[in-house]
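One structure below.
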Amino acid sequence: MTTLGTATAAPGEQATGRLTVGEARDGSAVSLPVCLINGERDGKTLYVQAVSDGDELNGLGVVQRLVPRLDPEDIAGELIIVGIVNWYGFQTAEHRNPIDDTKTNRAYPGEEDGTTTERIAHATFSAAVGADLAIDLHQGSTSRMINEVRVRCGRRHRLHRDCLDLAKTFDCGHVLDQRGPDGQLARALPDEGVPTIDPELGGCVGWNEESIRYGVRGMMNVLTDYGFLDGSVEQSEQVRANGFDQYGSPTGGLATLRPALGDDVARGDTLFEVTDTFGAVKETVTADSSGLLWRARRLPQVAQGEYVCSIATGLDSY
Ligand SMILES: [Zn+2]
17 MTTLGTATAA PGEQATGRLT VGEARDGSAV SLPVCLINGE RDGKTLYVQA VSDGDELNGL
77 GVVQRLVPRL DPEDIAGELI IVGIVNWYGF QTAEHRNPID DTKTNRAYPG EEDGTTTERI
137 AHATFSAAVG ADLAIDLHQG STSRMINEVR VRCGRRHRLH RDCLDLAKTF DCGHVLDQRG
197 PDGQLARALP DEGVPTIDPE LGGCVGWNEE SIRYGVRGMM NVLTDYGFLD GSVEQSEQVR
257 ANGFDQYGSP TGGLATLRPA LGDDVARGDT LFEVTDTFGA VKETVTADSS GLLWRARRLP
317 QVAQGEYVCS IATGLDSY
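Right, here's the structure in full:
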């Protein structure tokens, strides 16, 4: 029997329920939607969560499609899924929790009697800590970004190889292998012995079909490769980056990117032009070093110094 909040599932059963994480301003209970899929056969435990950032809906799109495809009778082991983590941000499609202006993925492992975000982090961390593997579904917020997977424990961590293997199995084709800031789930959970990845499923407003498909495929790859489902997965080589060069605009105006997302760039290549209202070119910005166009702003209008794009650096493959 496995239990999370009001959900309870015996072997061979699936259950949905709610995990209480606090009270809203009107005194009503705040609870997260959770799903347990308890396989008929024994196996590993996978923890999955989505919408840690309230405007990142692709992960929810993945959960919505994945759960109806899974039959507990076909599964060995169990899945623990929290469908919406940042409940407060989700209500208003904001990245951060508007009650405490905090990003969930800086609050792990959380505090039982802390702020609203710390309480959510504590409740979800507690649900995840007994798992064998964990997946925290994110995206590049509403910026434009390639589909990639992040390994955040750092290269010296004892679980680094396990996290890299999990990222390779998820197989978005690109991996950022860079120690994350304090408070990230994908950094805090490996310290408890749980290999964890943070798939970043593109970046969009609302849902992006292609990114959701990457996510569903990645989840099915993990479930198959780690023995939850029968079958085998062919591993493909991943392009790995270890950091970013960020480019801001040297002038105010309208920025137009030259390379497409995912394109390789060489030192000296034009990254973007900034034009004025009437189309005259004010500045052309070139790459300081070679890399790959990983992320870019969505809107063309930029102030002087405002973020335009990120070039991934330190590329290799594994
Ligand atoms: Zn995120």
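In my numbering, the protein residues as written are 17 to 334. Idealized CB from N, CA, C, for every residue including glycine. Computed from a prediction, not measured in an experiment: that's the story for all the values here.
Residue i CB to nearest heavy atom of ligand 1 below 7 Å
i: Gln65; result: no
i: Asn121; result: yes
i: Glu5; result: A query on residue 5 cannot be resolved here, the shown segment of the chain reaching from 17 to 334 and no further.
i: Ser265; result: no
i: Ser68; result: yes
i: Gln200; result: no
i: Thr157; result: A quick correction: the sequence has Ser, not Thr, at residue 157. Under cutoff, so the answer is yes.
i: His154; result: yes
Bridge partner(s) assigned by DSSP for residue i
i: Arg311; result: Met161, Ser326
i: Pro49; result: Arg34
i: Glu29; result: Asn54
i: Leu62; result: Leu95, Leu149
i: Val301; result: Phe288
i: Glu39; result: Ala45
i: Leu20; result: Ala23
i: Gln317; result: Leu270
i: Ser306; result: Ser306 pairs with nothing; no bridge assigned.
i: Ser333; result: Val255
i: Asn113; result: Thr118
Assumed close pair residue i, residue j - CB separation to whole angstroms, cut-off 8 Å
i: Val98; j: Thr140; result: 5 Å
i: Glu110; j: Gly156; result: Wrong, their Cβ atoms sit about 16 Å apart, outside the cutoff.
i: Asp214; j: Ala202; result: 4 Å
i: Gln200; j: Tyr124; result: 6 Å
i: Ile151; j: Val50; result: Incorrect: roughly 15 Å between the Cβ atoms, too far for contact.
i: Leu149; j: Tyr242; result: 6 Å
i: Val189; j: Gln254; result: This sequence places Gly at residue 189; Val is not what is there. About 6 Å; that satisfies the 8 Å criterion.
i: Val101; j: Val67; result: 5 Å
i: Val191; j: Arg122; result: The pair is not a contact, with the Cβ atoms about 22 Å apart (cut-off 8 Å).
i: Gly93; j: Phe288; result: Actually they do not touch by this definition, with Cβ atoms about 47 Å apart.
i: Leu52; j: Ala25; result: 4 Å
i: Leu308; j: Gly278; result: 7 Å
i: Thr329; j: Asp261; result: 6 Å
i: Ala143; j: Ile96; result: 6 Å
i: Val249; j: Thr185; result: 6 Å
CB contact check: residue i to chain B, cutoff 8 Å
i: Leu86; result: Judged by its chain identifiers, the structure shown contains no chain B, having just a single protein chain.
(message) For a minimum of 3 consecutive residues, which ranges assigned as the beta strand (DSSP E) are wholly contained in the region 117-203?
(response) 149-153, 163-167, 190-193
(message) Report the start-end ranges of each alpha helix (DSSP H) in the region 204-284 that is 4 residues or longer and not cut off at the edges.
(response) Counting only runs of 4 or more, we get 225-241.
(message) What ranges does the beta strand (DSSP E) occupy inside the region 80-109, keeping only unbroken runs of at least 3 residues that lie completely in it?
(response) 92-98
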